[in-house]
Amino acid sequence: DESNSEDEVRESEEESLSDSDEGYNDDYEDLVEGENDVQDNVIPQKRKNEEDCAPSFSSKKRKQVVKPPTAEEMIRLKETENLYQSNLFRLQIEEMISELKPRKTDKTAIKKWLQNFREFLTQLEDCEEILINKHNHVIEKIHLPLPKRKWQIGGNIQFYKPLDVKLVGSYPSGTILGPFFVLDVMLIVPKKYFHKDDCINQKYHYKRAIYLSKVASLIQKSELVSPNFGIKFWLRCGDPLKPVLLFRPQGRMTEFVEIALSVYPEDNPFKLNRFLPEKNNIRPEWWGSERTHGLLPATPYYNMSILEDIVIDKNEQLKLETFEGNQNLRDATILLSVWLQQRKLSEGLGAFNVNLLSMLMVYLVKKQKINNHMSSYQICRNVWLAFAQMDWTKRGITLASNDDQSVSCPIETFHKYFELVFVDCTGLYNLCSRLNKTIYFRVREEAEKAIKYLNDSNINGFQVLFMINLPFLHQYDHYISFTDPTTIDQTISQKSMVEKVMDFSGHGLPLFIKLVSDLLIEGLGNRLSYLCVLPVNLPQWKINEKCPDISLADDVLIFGLKLNPEHALSVIEKGPEANKDEAGKFREFWGEKCELRRFRDGTVCESVCWANSDASLIHRRIIVKKIVNYLLKFKLNITTNNYNYIANQLHDLIVNKFNPKETNEEASQAVHKTFENISQQLRDMTDIPLSIVSVRCISPVYRFTEVFPPLPVTHSINLKICEDTDRGIVFKNKNINASPFYVEPIDLVLQMAMSQKWPNDLNAGKRLIAAFNIVIASSLKKNYGLNCQITTDYIVVQKDGYIFRLHLGYSKEIALLKQQISAQGVTFYRDTPESIVLEKKFINLPKVTGALYGISQAHSAYGYATCLAKRWINSHLLDDFHFPSVVIELLMARLFVHPQPYEIVVQPLIAFLRFLNYIATTNWHIEPVIVNFNNLLTREQITDIEKSFQTNRSTLPPIVLATPYDLVGTLWTKDAPTLPTLIRLSKLAATTLKMLDIYLSTSPTITNLMKVFEPPLSSYDAVITLKKSMLPRRLQSNYFKWANRGKVNQLPISGFDPANLYLRELRDNYNEYALFYHDTYGGTVIGVVFRPTFLEATDFKISHVGPRIPKFTEGKVSLLPNKEALIQGFYILGAGLVDNIELR
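Those letters in the sequence shown? Residues 1066 to 2209, per this note's numbering, in order.
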């Protein structure tokens, strides 16, 4: 069927692309070779016209002889129709699951190794007693895997051989994720190893650690364990008292299997009623504290730590019975595990792990929310629906039956001691006792979003839910990172949480996370959509090393804040009215920041003000940062030196040094006001022959995507190099030694009213446009007193300190440029380079500008994030010639129009990170970029675009960027970027992303972050250094430092950029010999890469001479490259501008 063939085409294209990408490295020489290959392979092919490439809605299908489907195929199609979203969805699920499952040979190898390992351990002999005292922390050169503490335990402990070795967890139930497998192996210890009172004061954990250390000393000598990777301790569950042994098997399994070996007691060594949540099993006197009012405090978390080992057998048995024989349930669990893993929610401290997910599946089967007849797709859908409706914080769930429980505990009791409640089949153990509340709510939020994605036919549900990796630093708007463990310990000690710390066995990190989370949720209120903490990686260490500090080890604690765009930017926090009871609590919470205010509705309320009412957008974005800084200092005594706040680190990169106080958005808004004014004035003019019906701005500043928007300044004359004439201000002569600062002109396109009198001759039309320019300029000067300068192509107008360029157009001009006459005298119309340029200017660009302006108004982060993206791409010397700026704007727009699986961000920095990730991970060869502005494209049109893309892929450019105004997707990407440029940029984006992730989470200083904006010059064959005094954009450089803060002389010479003009000359004259790279925004160098065709020796031909020298060998004359001559040509073209050229 069509879906099958579509899937096969995609797979074959993926394989071919992955093969083609293997040979690339970071050397620019390889990139040039790749570009030549692309030109050699693609350009000679006869390209179809854009009209031919457009999706065809009326093409006739070829007649094919199709065999009727078999009965088996009919049954499968019927199943797909009833049980899956689509045939393609089913194929994708089956393919992914088959890649993640262990193969049959892997299962055989695991079974054989486990059998040998069981025989090795069960054949051990019982050892002599080990003398134990409070100073004994080493067992046979193996450090005890417990935190440093004076263990007040004495006596002798005898080692008994294990009774049995079992596989537990996800492997026996068939839900393990590959291709690398971590197997949970359970070591059953005889009951006589433990005493009935060992559950008191952590004796059980101490003896468990001793047994694990003894086993480690024995198995490290075994041939079943690989010596290459060593044996480690690992806090897999996050409990500092319950480490496991981590090692790899010997042989073929070493590469794809890791064993997590844990110790569990036989049967029930203790009475179960001793572990009820309200019971105490750690005496305060032993811990070093005192009893409160003579009462023993409850230790629910410590009780769960021991109870988990006692009841594991029953829970595993229930899980195996549920999953046995139900392959679809297993497949659904694997899918959901992938879904959680992609969102960074399933591994680490407090995570929603696979075991908890499996028990949730068991619960839903027991409640008949899932049955054996459901497909894996239907099970996933039902799990998301059910989970989104649950609330474990208020109404916990239980697997226990009231009939068969000898020791029972009401679920209300669990709610009294735990934030989240999910009770196991025994009715005593809380399965989510370690689950972080913020992560639970995050999973529930993602479940709700998953249902929305599945219900939306315009979203590729499989891709969004299972295939896209969501880095934690890309999911939220603001981040708070803690790297110093002492901050955590000091905060916990200041809060006098002795009983809680005792209950958590000295592990303060979960308590600190709860303190900060609760404080921020309460303080930020409706400014916050949700908060989540990144699960901290659980530490691992070698068995001959001491147990590390359990607070943070070598990891970072990061809180993510997803802001509510409706309230996050509000400057004032309105509280209750002053005469209400809640006002006292509000004042107590906010302290000295709280004040009484009268609001417009007449109410007098308690309030907190964080900024002035006229604060700029960039200052409003960091109001949440101010609130967090205040709350942490006021409530927890944590200063800004103790953590990093990630929000607006890259703001300084796009500050206009003429006026550093004015932000990018403010400058663009000022341009908008002036544009509206001059637009109205143009439309109101009555003293011109034809009225102006439309005035549209096509400059990036209108779309809020101009990196450095023009500022409204009064231009004064620098008499050393300029003079004032009747034609305006011009240079005195051609020999100038300095350039004025750059003035960005703002382009407007004017549409004249329809008239039959427009000529049918192009030259006559141009003369008429020139005449209109004179009339309009005269009218503007006469009626509004505006200074104007007239050219044949446009009018230069100065208004409110801005320079506008007015371009006139009429509808006939494009048609006349397309008009051609055949040899037979037949008139036909075909695109020409001139018509395409004009159509872009007067039709396509205004439409795209309007759509992008709408996005910038709906999402305030779009414009600023696009400026960051442009700044980064240009900093790596990829200007508009290599990567057009409008393509950057459209790619960024795609992340806002179709953000799934993310949500639209408020902070531009995070949108920039997502842009880098999109550039680094997108496979452009098999995936068209579709930006569906305002949902103007129907589902049928999108399908036709995708089919056309697959059919005509060989004739299309590397990036196909379709919009409602360009269904083919080649309008903006036909000439650039090229495939080598894309590959280079993809690798740069991946490297930049890694660096930013490290710097932002650990040390987000501007010095560190600026490193990702430094171009690597070592890859270029030559570097042309330009004179800084001749660069009008030198103020825009990242490293320009303003020495003089006084008034700066500026000239009303607009759009004058010698570096850009020089680049154009180089490309026009030397494009066949070299490629040229430059940073538009204040770049002082031009990188040169020689083409491989220039560096090769060629046969002597007059047309091949150029910058080459002849060489006589064996009677033949060949041409060799003459780099020095080429460099000399660069010097001649850049006389007065070039400072130095370095040939490498």
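Glycine included, every Cβ here is placed at the ideal spot set by N, Cα and C. Note that the structure is predicted; figures quoted are calculated from it, not measured.
Terminal residues of the continuous beta strand (DSSP E) containing residue i?
i, result
"Asn1852", "1852 to 1855"
"Asp2204", "2203 to 2208"
"Lys2181", "2181 to 2186"
"Val1758", "1757 to 1762"
"Gly2152", "2150 to 2155"
"Trp1351", "That residue, Trp1351, is in no beta strand (DSSP E); its alpha helix (DSSP H) goes 1349 to 1352."
"Leu1815", "1811 to 1817"
"Tyr1894", "1892 to 1894"
"Phe1298", "1297 to 1299"
"Lys1231", "1229 to 1233"
"Val1673", "1669 to 1674"
For the alpha helix (DSSP H) that contains residue i, what are its first and last residues?
i, result
"Asp1568", "1563 to 1568"
"Val1448", "1441 to 1454"
"Phe1750", "Note that residue 1750 corresponds to Met in the displayed sequence, not to Phe. First-last for Met1750: undefined, no H or E at that position."
"Thr1478", "1476 to 1482"
"Pro1641", "Run containing Pro1641: none in the alpha helix (DSSP H); it sits in the beta strand (DSSP E), 1637 to 1642."
"Gln1188", "Here Gln1188 belongs to no alpha helix (DSSP H), and DSSP marks it neither H nor E."
Going by beta carbon distance, what residues of the same chain come within less than 8 Å of residue i, once the five residues before and after it are set aside?
i, result
"Lys1384", "Ser1238, Ser1423, Met1424, Val1427"
"Ile1879", "Ser1900, Leu1903, Glu1904, Phe1907, Ile1908"
"Asp1191", "Gln1223, Phe1224, Tyr1225, Lys1226"
"Phe1452", "Leu1425, Val1508, Arg1509, Ala1512"
Select from the options the residue whose C-alpha is nearest the C-alpha of residue i.
i, options, result
"Ile1347", "Val1808, His1358, Asn1420, Pro1365", "Pro1365"
"Cys1445", "Ile1158, Val1736, Thr1458", "Ile1158"
"Ser1498", "Ser1921, Ile1207, Val2150, Gly1415", "Gly1415"
"Asp1521", "Ser1759, Phe1961, Arg2004, Asn1152", "Arg2004"
"Ser1327", "Thr2178, Ser1733, Val1233", "Val1233"
"Lys1627", "Asp1679, Val1566, Glu1564, Ile1545", "Ile1545"
"Gln1267", "Leu1283, Ile1284, Arg2156, Lys1307", "Lys1307"
"Gly1020", "Pro2022, Leu1882, Leu1701", "Coverage of the chain is limited to positions 1066 through 2209, which leaves residue 1020 absent and any answer about it impossible."
"Val1760", "Glu1381, Arg1870, Asp1666, His1632", "Arg1870"
"Ile1834", "Lys1846, Thr1857, Ala1842", "Thr1857"
"Val1508", "Leu2096, Ser1440, Gly1492, Leu1599", "Leu1599"
"Thr1463", "His1480, Cys1490, Ser1440, Phe1483", "Cys1490"
By DSSP's criteria, residue i is part of a beta bridge. Which residues make up the other side?
i, result
"Asn2017", "Asn2017 is not bridged to any residue."
"Glu1323", "Val1247"
"Phe1417", "DSSP lists no partner for Phe1417."
"Lys1864", "Tyr1867"
"Gly1625", "Tyr1544, Cys1597"
"Lys2176", "Ser2183"
"Ala2139", "Phe2155"
"Ser1887", "Ser1887 is not bridged to any residue."
"Thr1463", "Val1488"
"Gln1605", "Trp1299"
Here's a check: name, in chain order, each residue in its chain whose Cβ is nearer than 7 Å to the Cβ of residue i, leaving out the five neighbours to either side.
i, result
"Phe1577", "Ile1553, Thr1556, Ile1557"
"Pro1641", "Glu1647, Ala1648, Phe1651, Cys1670, Glu1671"
"Phe1259", "Tyr1269, Lys1272, Pro1330, Pro1334"
"Ile1108", "Only weak support is given to the placement of Ile1108: the predicted model assigns it a pLDDT of 33, under 50, and the question is left unresolved by the model."
"Leu1283", "Leu1189"
To which residues of the same chain is residue i closer than 6 Å at the C-beta, ignoring the five residues directly before and after it?
i, result
"Lys1912", "Tyr2030"
"Ile1743", "Lys1864"
"Gly1526", "Tyr1518, Leu1519"
"Tyr2127", "Gly2199, Leu2202"
"Asp1679", "none"
"Leu1311", "Lys1297, Trp1299, Ala1325"
When you compare the CB of residue i with every CB in chain D, is at least one pair closer than 9 Å?
i, result
"Val1736", "Looking at the structure shown, chain D is missing, and only one protein chain is on hand."
query = Which residue spans inside the stretch 2048 to 2127 form an unbroken alpha helix (DSSP H) run of at least 4?
reply = 2071 to 2074
key: Runs of alpha helix (DSSP H) lying entirely within the stretch 1925 to 1994, each at least 4 residues, in chain order   = 1926 to 1940, 1950 to 1962, 1973 to 1986
task = Please list the segments of the alpha helix (DSSP H) lying wholly inside the stretch 1676 to 1719, counting only runs of 4 or more residues, in order along the chain.
result = 1682 to 1685, 1688 to 1701
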